[in-house]
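Read the structure below first, then the notes.
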Amino acid sequence: MGKVVGPVLKLFFVVLFMSSSVHSSSNIEEKRESDHRFQKLLCSKQKLTRLHFYFHDIVSGQAQTTVMVVSPAKTVKPSPTWFGQVNMFDNPLTKGPELTSKLLGHAQGLYGYASQVDISLLVAMTFIITNGRHDGSSFTVLGRNTVTDSTRELPIVGGTGKFRLARGFATAKTYFFNDTVAIVEYNIVVIHY
Ligand SMILES: *[C@@H]1O[C@H](CO)[C@@H](O)[C@H](O)[C@H]1NC(C)=O
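Numbering (numbering that gives the first Met the number 0), first residue to last: 0 to 192.
Rendered as structure tokens:
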């Protein structure tokens with residue numbers, strides 16, 4: 000018995016070793032293939048895309064899309080600029096300024112009140128496009144939004160799908176606001192491959 004088990008076991012390990020080495024060499028090929036595709040992408044012509052939509056930040060009511068996730072620590076004097084508060088949101092993006100207008104995508108992310116002297120946000124969000132030519136692609140915005148300025152500019156730092164390796168900027172203008180909603184008009188200029 001022992002005489003049979005020995006060679007069988009050896010064969011088993013040889014097969015195991017071979018299959019794992021076959022596996023790793025196909026991984027290397029896959030990596031080469033994806034490196035090659037990436038090189039091709041980098042050599043292709045860059046495109047400039049402009050997008051326009053309205054962003055609905057609904058802070059209360061039935062259709063609420065934004066929730067406070069961090070409440071500032073208790074201080075002697077409450078901050079007039081909400082310094083320290085953080086909200087998370089999943090906000091609709093529409094073609095026109097009305098919420099009932101055609102849905103183009105969503106903005107998902109966080110904003111934190113980052114200034115002690117004005118109402119200024121640190122924004123980290125991803126715009127996910129769900130309609131039209133860029134359906135399924137997304138790009139990410141990271142920057143400062145001084146909401147009381149009539150026009151704000153935020154950097155676009157990357158993207159996925161059609162917006163791979165995206166760079167650009169978003170211009171934000173408040174279209175309307177009251178106690179329940181802020182509707183912000185966004186103009187996007189994005190360079191991608
Ligand atoms: C704010 O404006 C929206 C949209 O016009 C409206 O539905 C909502 O009732 C308003 N809220 C307040 C508190 O005025």
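Quick reminder that beta carbons are idealized off the backbone N, C-alpha and C, glycines included.
Note that this is a predicted model, so its numbers are computed, not measured.
Checklist entry - What does Arg49 pair with, by DSSP beta-bridge criteria? => result Taking the first residue of the sequence shown as position 1, residue 49 is located at position 50. DSSP output for Arg49 lists Val188 as bridge partner(s).
Next on the checklist: Tell me which residues share the same chain as Lys101 and place their Cβ nearer than 8 Å to its Cβ, disregarding the 5 neighbours each side in the sequence.
Outcome noted: To locate residue 101, count along the sequence shown from 1; it is residue 102. For Lys101, where only same-chain residues beyond five positions count, the Cβ hits under 8 Å are Thr93, Lys94, Gly95 and Asn130.
Checklist entry - Mapping DSSP to helix, strand and coil, what is Asn26? => result In the sequence shown, the residue the question calls residue 26 occupies position 27. In this structure, Asn26 counts as helix in the three-state DSSP scheme.
Checklist entry - Over what stretch of residues does the beta strand (DSSP E) that includes Phe82 continue unbroken? => result Translated into the one-based positions of the sequence shown, residue 82 becomes position 83. Looking at the DSSP string, Phe82 is not in any beta strand (DSSP E), and its letter there is neither H nor E.
Item to check | Supposed close pair Thr80, Tyr112 - CB separation, criterion 8 Å | outcome: For the purposes of this step, residue 80 is taken as the residue at position 81 of the sequence shown. For the purposes of this step, residue 112 is taken as the residue at position 113 of the sequence shown. Sure, about 6 Å apart at Cβ, within 8 Å.
Checklist entry - For Asp117, which of helix, strand or coil comes out of DSSP? => result Working through the sequence shown from its first residue, we reach residue 117 at position 118. Coil.
Item to check | Residues near Gly158 by beta carbon distance below 8 Å, same chain, minus five either side | outcome: The residue you call residue 158 lines up with position 159 of the sequence shown. So the list reads Ser136, Ser137, Phe138, Thr139, Leu164, Ala165, Val189 and His191, once near-sequence residues are dropped.
Checklist entry - What is the residue span of the beta strand (DSSP E) that Gly108 lies within? => result For this step, residue 108 is matched to residue 109 along the sequence shown. Here the beta strand (DSSP E) through Gly108 covers Leu102 to Tyr112.
Checklist entry - DSSP on Lys172, reduced to helix/strand/coil? => result Within the sequence shown, the letter at position 173 stands for residue 172. If DSSP states are grouped into helix, strand and coil, Lys172 belongs with the strands.
Item to check | Span separating the alpha-carbon of Phe52 from that of Thr173 | outcome: For the purposes of this step, residue 52 is taken as the residue at position 53 of the sequence shown. For the purposes of this step, residue 173 is taken as the residue at position 174 of the sequence shown. The alpha-carbon atoms of Phe52 and Thr173 are separated by roughly 12 Å.
Item to check | Ser78, enclosing beta strand (DSSP E) - first and last residue | outcome: Working through the sequence shown from its first residue, we reach residue 78 at position 79. Per DSSP, Ser78 belongs to no beta strand (DSSP E) and is neither H nor E.
Item to check | Pairwise C-alpha distance: Thr64 and Phe37 | outcome: Locating residue 37 in the sequence shown gives position 38, counting from the first residue. Locating residue 64 in the sequence shown gives position 65, counting from the first residue. When rounded, the distance between both Cα atoms is 37 Å.
Next on the checklist: So for Ser59, helix, strand or coil by DSSP?
Outcome noted: As a working note, residue 59 is residue 60 in the sequence shown. Residue state, collapsed to three classes: coil.
Next on the checklist: My assumption, with CB atoms under 8 Å, is that Val183 sits in contact with Ile57. Please give the rounded CB distance.
Outcome noted: Here the question's residue 183 lines up with position 184 in the sequence shown. Here the question's residue 57 lines up with position 58 in the sequence shown. With a Cβ gap of about 12 Å, Val183 and Ile57 do not count as contacting.
Checklist entry - Whose C-alpha, out of Gly142, Ala171 and Ser33, is nearest the C-alpha of Leu120? => result Here residue 120 corresponds to residue number 121 of the sequence shown, with the count starting at 1. The residue with the shortest Cα to Cα distance from Leu120 is Gly142.
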